[in-house]
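Trainee: Here's a structure for you.
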Amino acid sequence: MTSTAPGPGSVALITGGTGGFGRALARTLKERGVTVVLSDLDSDRNRQVAADLGCEFAVLDVTDRAANEALVARIEADHGRLDAAYLNAGISAAKSDDALDLDEFMRVVDIDLFGVVYGVAAARPAIKRAGGGAIVVTASLAGLSPMATDPGYSVAKGGAIAFVRSMAPRLAAEGTTISAICPGFADTAIIDRIRDQFTAAGFPVLSAQEVADAMVMAWEAGEPGAAYVIQPGVGTVPYTFKGVPAARTATGETAVVPEALRPPSMR
Ligand SMILES: NC(=O)c1ccc[n+]([C@@H]2O[C@H](COP(=O)([O-])OP(=O)(O)OC[C@H]3O[C@@H](n4cnc5c(N)ncnc54)[C@H](O)[C@@H]3O)[C@@H](O)[C@H]2O)c1
1445 MTSTAPGPGS VALITGGTGG FGRALARTLK ERGVTVVLSD LDSDRNRQVA
1495 ADLGCEFAVL DVTDRAANEA LVARIEADHG RLDAAYLNAG ISAAKSDDAL
1545 DLDEFMRVVD IDLFGVVYGV AAARPAIKRA GGGAIVVTAS LAGLSPMATD
1595 PGYSVAKGGA IAFVRSMAPR LAAEGTTISA ICPGFADTAI IDRIRDQFTA
1645 AGFPVLSAQE VADAMVMAWE AGEPGAAYVI QPGVGTVPYT FKGVPAARTA
1695 TGETAVVPEA LRPPSMR
């Protein structure tokens, strides 16, 4: 069986799955008949969240490269396939002062960027074996519009979007679409520290469900390299990247990159 759409028979992995977006996404996918494996850091609370949702729980720290691969292998062994990987685990800086805490910066990049890279590397061959499918990366609006309060988060999310776009052609060539979602502020635990300020200022935040709906749409749309902005009062819109000036030849024509310098999927 091949499956490129969320539905009965398809199997999805969600990292950071017991958080706000992960729970809403798991519920939504389950309503569509998808088998959902919720992965997250190990805790009684996280195990209970998965049990309450009727989902299998898998311990995964996304910064552990080998563990990403072991989990995907286990999912394939247990369920016979993997159709979609939602690489959603993430943290932000715990404070927003003007210091640059390098330990914290590296920790955020390790989880929010390298966790995504390891997840893609692990899921790619399994999704290909399933006949193609989807990888959806939870980036952030901060990846498109960097936050002065959180340089590490901005770098990690911007890097994740660049990674998605640069991986898209080679994955599309094997039937897998990779895309990014870029939500603005949303009502989950990650904004606990600053929620009161949004409330006091009357600043609107997204619901986790609005983001989950966009995550399902990203799988269904199957648009390689897409980045979807989600904002309160705006909805979900594909972001249009501004191009850069192409090189010109001595005669003023647009220079074409030599074929040998393009990846096989783009020749
Ligand atoms: N809520 C927002 O305002 C917002 C906006 C844009 C993007 N995001 C992104 O959405 C994603 C989901 O966050 P959320 O809003 O649901 O917040 P959340 O804090 O509820 O969920 C994040 C989850 O990631 C898990 N996690 C943290 N470190 C991990 C690790 N090393 N390995 C595996 N799991 C780990 C946490 O345990 C938690 O369950 C994150 O990538 C976040 O950066 C959130």
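According to the working numbering, the sequence shown is numbered sequentially starting from 1445.
Here a beta-carbon is modelled for each residue, glycine too, at the ideal position from N, C-alpha and C.
Less than 6 angstroms between the CB of residue 1679 and some heavy atom of ligand 1, yes or no?
Mentor: Checking the Cβ of residue 1679 against ligand 1 gives no.
Trainee: Suppose contacts are defined by Cβ-Cβ distances below 7 angstroms. Is residue 1617 in contact with residue 1540 by that definition?
Mentor: No, they are not a contact pair.
Trainee: Quick check: does the Cβ of residue 1488 come within less than 6 angstroms of any heavy atom belonging to ligand 1?
Mentor: It does not: the Cβ of residue 1488 is nowhere closer than 6 angstroms to a heavy atom of ligand 1.
Trainee: So the candidates are 1523, 1700, 1509, 1604; which of them puts its Cα closest to the Cα of residue 1579?
Mentor: Ranking the options by Cα distance to residue 1579, first place goes to 1604.
Trainee: Taking Cβ to Cβ, would you say residue 1462 is nearer than 7 angstroms to residue 1482?
Mentor: The answer is yes: Cβ separation under 7 angstroms.
Trainee: If you reduce the DSSP assignment to three classes, tell me which class residue 1681 lands in.
Mentor: In the structure shown, residue 1681 sits in a strand (DSSP, three-state: E or B).
Trainee: Give the secondary structure of residue 1707 by DSSP, where H, G and I count as helix, E and B as strand, and everything else as coil.
Mentor: Note: residue 1707 maps to coil in three-state DSSP.
Trainee: Residue 1569: which of 1660, 1517, 1494 sits nearest, CA to CA?
Mentor: It is 1517 whose Cα lies nearest to the Cα of residue 1569.
Trainee: If we require 4 or more residues per run, which alpha helix (DSSP H) segments fall completely within the stretch 1580-1667?
Mentor: Runs of the alpha helix (DSSP H) inside the stretch 1580-1667: 1595-1616, 1639-1645, 1652-1665.
Trainee: Given a cut-off of 7 angstroms on the beta-carbon distance, is the pair residue 1680 and residue 1658 in contact?
Mentor: Yes, they are a contact pair.
Trainee: Which same chain residues end up closer than 7 angstroms to residue 1638 when comparing Cβ atoms and leaving out the 5 residues on each side of it in sequence?
Mentor: Around residue 1638: no qualifying Cβ.
Trainee: Measuring alpha carbon to alpha carbon, tell me which of 1555, 1635, 1687 ends up nearest residue 1596.
Mentor: The residue with the shortest Cα to Cα distance from residue 1596 is 1555.
Trainee: Measure from the alpha carbon of residue 1722 to the alpha carbon of each residue in 1566, 1449, 1701, 1573, then state which is nearest.
Mentor: The requested residue 1722 is not part of the displayed model; the chain covers only 1445 to 1711.
Trainee: Relative to the C-alpha of residue 1470, which residue among 1660, 1624, 1524, 1449 is closest?
Mentor: Out of 1660, 1624, 1524, 1449, 1660 has the C-alpha closest to the C-alpha of residue 1470.
Trainee: What residue range is occupied by the uninterrupted alpha helix (DSSP H) comprising residue 1475?
Mentor: Run containing residue 1475: 1464-1475, per the alpha helix (DSSP H) assignment.
Trainee: Just to confirm the assignment, what range does the beta strand (DSSP E) spanning residue 1500 have?
Mentor: Start and end: 1500-1503.
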